[in-house]
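Worksheet: the structure to be examined is printed underneath.
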Amino acid sequence: MKHVVSVSLGSSKRNKRTEQEFLGEQVIVERIGTDGSIPKAIELIGELDGKVDAFGMGGIDLRVGCGSHKFMLKDAIPIANAAKKSPIVDGGRVKGTLETRVIQHLASVCRVPFKDLTVLLVSGADRFPMAQAFEETGCNLILGDLIFTLGLPLPLRSVRALDRVARVIGPVVGRLPFSMLYPTGEQQGVRKVNPKYAKYYEAADIIAGDFHYVVKHMPLDMSGKSIITNTVTEDDILEFKRRGVSTLITTTPDMEGRSFGTNVLEALLVTLLGKHPDDITDDEINGILDRLGFKPRILVLNPPSLIPA
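Residues in the sequence shown are numbered consecutively from 1055, following our numbering.
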């Protein structure tokens, strides 16, 4: 039996272990949170190295940026280096393939009228291919990188603007402690309703991107809004419903009530392909995604739905 493990800087309260069958192969899929502790993540990877088929590096990316302009996150390097035998991935390749496919599927198959909608992508540098896919739909795009990462009230309106900003501040941001940029551990359970952020949610029809960025400043009233994200638990879904969210779309598939992060899915694909991540092409990733038949999970929580009848 295959075994993939996401070692995450996130809260251990969100841990999950499930056994699934993919392409005739039984796979244990597991997520273990270290409550924000980088040393604990390194220790855990060391203990499991060589005993699991692949690691996902959760709650932190190794590289973020725009197009070919990628920069390393300093705090992620020792985590990635802790794996000496089992391959370790951060989900970046899946963000560039599966998530782009999801937006294209929503536009072409589900007929979501993006040209008439405003989309708030909370962080485009974290999901640059998704930002490109949204822009290609013709939607009114708001990129919240400066707003939600650095607390600056400066929405970006295009992928080109994001690219310019990322080239300038990326190298500086990459050297900052990761806890300054992203909620880890217990901070992932902190929700702060703040008017300075609420106006961006109110202006949007769709809020998309990393789950923890989406919910950190999410207003209590989300009536009529739709969310595109992943890593949601059953409790998260109930909270979205209570706040009036109309439609929830998860980019990764449901596994016993949980949609895991892209790092988990990428570790799964690496395991099923049986190749080192550096040797896997995007065509191979798209090919196995076709074979797996993964499609976005669409949940209508409070009708009417984003998806036309």
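By construction, the Cβ of each residue, glycine as well, lies at the ideal position given by its N, Cα and C atoms.
If you're wondering where the values come from, they're calculated on a predicted model, not measured in any experiment.
Within the same chain, C1120, G1178, A1179, F1182, A1185, L1197, D1199 and L1210 come within 8 Å of L1216 by CB-CB distance, once the 5 residues on both sides are set aside.
The beta carbon of L1353 is closer than 6 Å to those of L1302 in its chain, skipping five residues each way along the sequence. Contact between F1076 and L1319 is absent: CB atoms are separated by about 11 Å, not below the 8 Å threshold.
The alpha-carbon of A1095 is positioned some 16 Å away from that of G1104.
8 Å or more divides the Cβ of I1114 from the Cβ of A1136. Judged by pairs of C-beta atoms under 8 Å, the region 1332–1345 touches the region 1141–1156, as three or more such pairs exist. According to the DSSP assignment, K1056 belongs to no alpha helix (DSSP H) but to the beta strand (DSSP E) extending over K1056 to S1062.
Exposure of M1055 is indicated by the presence of fewer than 16 other C-beta atoms within 10 angstroms of its C-beta.
The alpha-carbon of R1165 is positioned some 7 Å away from that of I1361.
Burial of S1280 is indicated by the presence of at least 16 other C-beta atoms within 10 angstroms of its C-beta.
Apart from sequence neighbours up to five positions away, the residues of its chain that approach S1277 with a beta-carbon distance below 6 Å are G1298, ordered along the chain.
Note on G1311: under 16 other CB atoms within 10 angstroms of its CB, so exposed under the neighbour-count rule.
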